[in-house]
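Residue numbers are given in my numbering: position 169 of the sequence shown equals residue 227, and the series is strictly consecutive.
The beta carbon of each residue, even a glycine, is placed where N, CA and C say it ideally should be.
Please read the structure below before turning to the comments.
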Amino acid sequence: MTTDKKKINIPNLLTIGRIWAIPLIVATFFFNGPVSAWIGVILFALAGITDYMDGYLARHLNQLSAFGRVLDPIADKLLVGAILLMLAYTGRLEVFAIIPAVIIMCREILVSGLREFLAEIKVGLPVTKLAKWKTTFQMIAIPVLMVSKPGEAPAFLHLDWVGAIALWFAAIMTVITGYDYWKSGSKYLKDEGK
């Protein structure tokens with residue numbers, strides 16, 4: 059049973075904390091050196107843990123809310139989008155990795171718009187297992203890219219390539235899940251005036 063009476067509960071505070079972590083993570087990109095990069099990765103990892111914990115606690119403490127259902131996916135998209143932009147800005151996304159980053163960003167905007175429309179007509183769009191795998195690959199790729207220094211290691215040790223490959227896997231799954239979501243939701247997009 060869901061309750062919307064208390065917007066401020068532990069799961070929602072964790073989600074809000076994830077949003078507050080974004081400017082801190084972004085700030086680490088403006089300092090050179092491995093220490094700031096690793097601080098950013100630690101903050102990102104903590105944000106990832108809150109992503110798991112807020113859903114887990116909401117279900118187990120019976121603190122599900124409309125506020126949390128709306129804010130949780132927004133927090134995830136803000137976090138991933140901000141970091142992908144900063145990775146591109148700092149040159150840690152080489153050409154090979156820019157394309158999957160663009161694919162991921164476009165899919166997130168498409169699915170967000172579709173979810174918003176479907177929410178208005180009270181239709182849910184559940185998260186699929188493949189979408190969870192997509193998230194897993196993103197969560198591997200992003201911290202690897204955050205600590206990478208393109209061109210500073212032997213080719214087989216390039217973290218930027220490891221991160222880019224993981225990002226490509228995430229992008230491929232993004233296209234598949236995005237198509238699945240679109241297919242599931244598009245039947246509700248019929249023009250009622252016709």
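Legend entry - Close Cβ partners of P69 (< 6 Å) along its chain, the five nearest in sequence each way excluded: Looking up residue 69 in the sequence shown gives position 11. Cβ within range, chain order: D112, L115, A116, Q121 and G126.
Inset, instruction - Please classify I77: does DSSP put it in a helix, a strand, or coil? - result: As a first step, residue 77 must be located in the sequence shown, where it is residue number 19. DSSP places I77 in helix when its eight states are reduced to three.
Legend entry - Counted within 10 angstroms of its Cβ, other Cβ atoms place S123 as buried (16 or more) or exposed: By 1-based counting over the sequence shown, the position of residue 123 is 65. Under this definition S123 is a buried residue.
Legend entry - N-terminal and C-terminal residue of the alpha helix (DSSP H) that L247 is part of: In the sequence shown, residue 247 corresponds to position 189, counting from 1. Per DSSP, L247 belongs to no alpha helix (DSSP H) and is neither H nor E.
Legend entry - Chain-order list of residues whose beta-carbon lies under 6 Å from that of G106 (same chain, five-residue window excluded): On the sequence shown, position 48 is the one that residue 106 refers to. Counting only Cβ-Cβ distances below 6 Å, and skipping sequence neighbours, we find M197.
Legend entry - Beta-carbon proximity list for G75, same chain, < 7 Å, skipping 5 on both sides: As a working mapping, residue 75 is identified with position 17 in the sequence shown. So the list reads T108, once near-sequence residues are dropped.
Legend entry - Given 8 Å, three or more beta-carbon pairs between the segment 155 to 165 and the segment 228 to 235: yes
Inset, instruction - Go ahead and label T235 buried or exposed: buried means 16 or more other beta carbons lie within 10 angstroms of its beta carbon, across all protein chains shown. - result: Counting from 1 along the sequence shown, the entry for residue 235 is found at position 177. Taking a 10 Å sphere around the C-beta of T235, we find 16 or more other C-beta atoms and assign the residue as buried.
Inset, instruction - Can you check the segment 138 to 217 for any alpha helix (DSSP H) of at least 4 residues that lies completely inside it and give the ranges in chain order? - result: Runs of the alpha helix (DSSP H) inside the segment 138 to 217: 153 to 178 and 187 to 204.
Legend entry - Inter-stretch contact at 8 Å, needing at least 3 Cβ pairs: the segment 186 to 196 / the segment 71 to 86: no
Inset, instruction - Using the Cα positions of S206 and L247, report the straight-line distance between them to the nearest angstrom. - result: Taking the first residue of the sequence shown as position 1, residue 206 is located at position 148. Taking the first residue of the sequence shown as position 1, residue 247 is located at position 189. Roughly 43 Å separates the two Cα atoms.
Inset, instruction - Note down the Cα distance separating A133 from L188, rounded to an integer number of angstroms. - result: For the purposes of this step, residue 133 is taken as the residue at position 75 of the sequence shown. For the purposes of this step, residue 188 is taken as the residue at position 130 of the sequence shown. Going by the C-alpha atoms only, they are around 20 Å apart.
Legend entry - Euclidean distance between Cα positions of L168 and A146: Your numbering for residue 168 matches position 110 in the sequence shown. Your numbering for residue 146 matches position 88 in the sequence shown. Taking the straight line joining both Cα atoms gives about 21 Å.
Inset, instruction - Kindly indicate which three-state DSSP category F88 falls into: helix, strand or coil? - result: Within the sequence shown, the letter at position 30 stands for residue 88. Look at F88 here: in three-state DSSP terms it is coil, with no helix or strand label.
Inset, instruction - Whole angstroms is fine: what's the gap from R150's alpha carbon to T186's? - result: Reading the sequence shown from its first residue, position 92 is the one you call residue 150. Reading the sequence shown from its first residue, position 128 is the one you call residue 186. Looking at the two C-alpha atoms, the distance is approximately 30 Å.
Legend entry - Proximal residues to L72 (C-beta, below 6 Å), its chain only, five neighbours per side dropped: Residue mapping note: residue 72 aligns to position 14 of the sequence shown, counting from 1. Closer than 6 Å at the Cβ level, and outside the excluded window around L72, lie T108, M111 and D112.
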